[in-house]
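The numbering of the sequence shown is the UniProt record's numbering, which starts it at 1 and goes up by one.
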Amino acid sequence: ELPEYGCHFYKVFQDKRNYTSAVWLGIESTGIQVYEKVAGKRSACQFYPWQNIKRVSFCKKYFCISPRAESYSGKQVIYRFFTAINGRSHHLFMISMAYHKFFLKLRTVSKASEIFIE
Numbered sequence: 001e002l003p004e005y006g007c008h009f010y011k012v013f014q015d016k017r018n019y020t021s022a023v024w025l026g027i028e029s030t031g032i033q034v035y036e037k038v039a040g041k042r043s044a045c046q047f048y049p050w051q052n053i054k055r056v057s058f059c060k061k062y063f064c065i066s067p068r069a070e071s072y073s074g075k076q077v078i079y080r081f082f083t084a085i086n087g088r089s090h091h092l093f094m095i096s097m098a099y100h101k102f103f104l105k106l107r108t109v110s111k112a113s114e115i116f117i118e
């Protein structure tokens with residue numbers, strides 16, 4: 001039992017001006033998980049499965065996640081994470097897209113195998 005197996009972790013910040021607001025993004029085949037450091041250990045605080053993510057994007061040093069169901073007074077909620085290193089947001093976007101494609105392939109393979117099992 002390795003709960004973090006297959007997960008890529010990246011340190012990002014919730015606020016550009018506050019470097020103590022560091023969180024870890026865990027990108028995996030089932031979705032994107034947000035971890036906080038509590039007592040020196042990573043603790044999961046939010047999980048966005050691929051089915052519930054409407055859009056993943058990046059702009060300069062920001063990586064953005066917009067979930068499907070969440071809205072605030074009619075406006076779409078967008079979670080923005082600041083990356084201190086140039087190009088990391090693009091890398092997060094690319095690896096997210098690769099994991100999402102992998103998730104879609106796994107889902108179609110599992111559906112096909114269910115047909116043949118019956």
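Don't be surprised by glycine CBs; every beta carbon is placed ideally from N, CA and C. Given the structure is predicted, the values throughout are model-derived calculations rather than measurements.
Okay, do the segment 57–74 and the segment 100–107 touch, 3+ Cβ pairs below 8 angstroms being the bar?
no
Let's test the definition: count the other Cβ atoms within 10 Å of the Cβ of residue 19 and tell me whether it reaches 16, buried, or not, exposed.
As a position in the sequence shown, residue 19 is number 19, starting the count at 1. So residue 19 counts as exposed.
CB of residue 28 within 7 angstroms of CB of residue 59, strictly
Working through the sequence shown from its first residue, we reach residue 28 at position 28. Working through the sequence shown from its first residue, we reach residue 59 at position 59. Not a contact, by the Cβ cut-off of 7 angstroms.
Collapsed DSSP secondary structure at residue 95 in the structure displayed
The sequence position of residue 95 within the sequence shown is 95, counting from 1. Helix at residue 95.
Would you kindly check if the distance between the Cβ of residue 54 and the Cβ of residue 83 is under 7 angstroms?
Locating residue 83 in the sequence shown gives position 83, counting from the first residue. Locating residue 54 in the sequence shown gives position 54, counting from the first residue. 7 angstroms or more divides the Cβ of residue 83 from the Cβ of residue 54.
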